[in-house]
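Chains as they are written, first to last, in this note's numbering: chain A, 3 to 116; chain B, 155 to 268. Written out below as structure tokens is the structure these notes cover.
Structure, rendered in structure tokens:
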């Protein structure tokens, strides 16, 4: 089944404790992206990747790191999480053929930083 | 910087009524995507509009794109409760701008009341 998976789905952590949220897709998509969703602010892009070893900042990259060492994986790293990073996070991917950016979303990761 | 405005942000409508959601964006883009998010769920692709004048219909929903006016509409015909969800629009990145960042509208939360 074609899908984007994220782990963990729920995470409660404390300020300053490094964490990684994994994202994997099995559709051989070139484009991968991380978003955060906050009430009243909609969906905002954190980082995106056009392909292996190619990443760039989105709207709200501060406090986050990403890497794209393999085409299928795009982990999101919070090296020193803070309470303002409490949010719902989505990973997404898309096939770039013919210029399409139709996003396929993962199930989401709800992160709480205390 | 691409700005995407959706109107209205909240919509409460009675079953059987018609209404239109508007998505305005600020820079040139020849494609636009609509997504649906059910409460507590992830986002799913609803419509892919690939060119100026494109019109797509699925059931009681119809989406259109006017790239010259930088406007897309999502029209709801004879609303039913099952359409209650949050709808997001997202134009494709503008090629040649050097960025492949995706910007979503803030979403329109639709509640259909019996």
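Cβ atoms here follow ideal geometry from the backbone N, Cα and C, with glycine treated the same way.
Distance cut-off 7 Å: residue i Cβ against heavy atoms of the ligand PLP
i	result
residue 164 of chain B	In the structure shown, the ligand PLP is absent, as is every other ligand, since no ligand is present at all.
Span of the beta strand (DSSP E) around residue i
i	result
residue 245 of chain B	239-245
residue 30 of chain A	From DSSP, residue 30 of chain A is part of no beta strand (DSSP E); its letter is neither H nor E.
residue 87 of chain A	Unbroken run through residue 87 of chain A: none, as it is neither H nor E.
residue 185 of chain B	No beta strand (DSSP E) holds residue 185 of chain B; DSSP gives it neither H nor E.
Beta-carbon proximity of residue i to residue j, cut-off 8 Å
i	j	result
residue 103 of chain A	residue 247 of chain B	yes
residue 180 of chain B	residue 221 of chain B	no
residue 109 of chain A	residue 38 of chain A	no
residue 189 of chain B	residue 242 of chain B	yes
residue 219 of chain B	residue 230 of chain B	no
residue 62 of chain A	residue 46 of chain A	yes
residue 70 of chain A	residue 51 of chain A	yes
residue 15 of chain A	residue 84 of chain A	no
Contact with chain B by residue i, beta-carbon distance below 8 Å
i	result
residue 43 of chain A	yes
residue 52 of chain A	yes
Distance, residue j Cα to residue i Cα
i	j	result
residue 161 of chain B	residue 169 of chain B	20 Å
residue 86 of chain A	residue 22 of chain A	17 Å
residue 75 of chain A	residue 25 of chain A	6 Å
residue 158 of chain B	residue 233 of chain B	25 Å
Contacts that residue i makes with chain C (C-beta to C-beta distance below 8 Å)
i	result
residue 247 of chain B	Judged by its chain identifiers, the structure shown contains no chain C, and its protein chains are A and B.
Below-8 Å beta-carbon distance, residue i vs any chain A residue
i	result
residue 202 of chain B	yes
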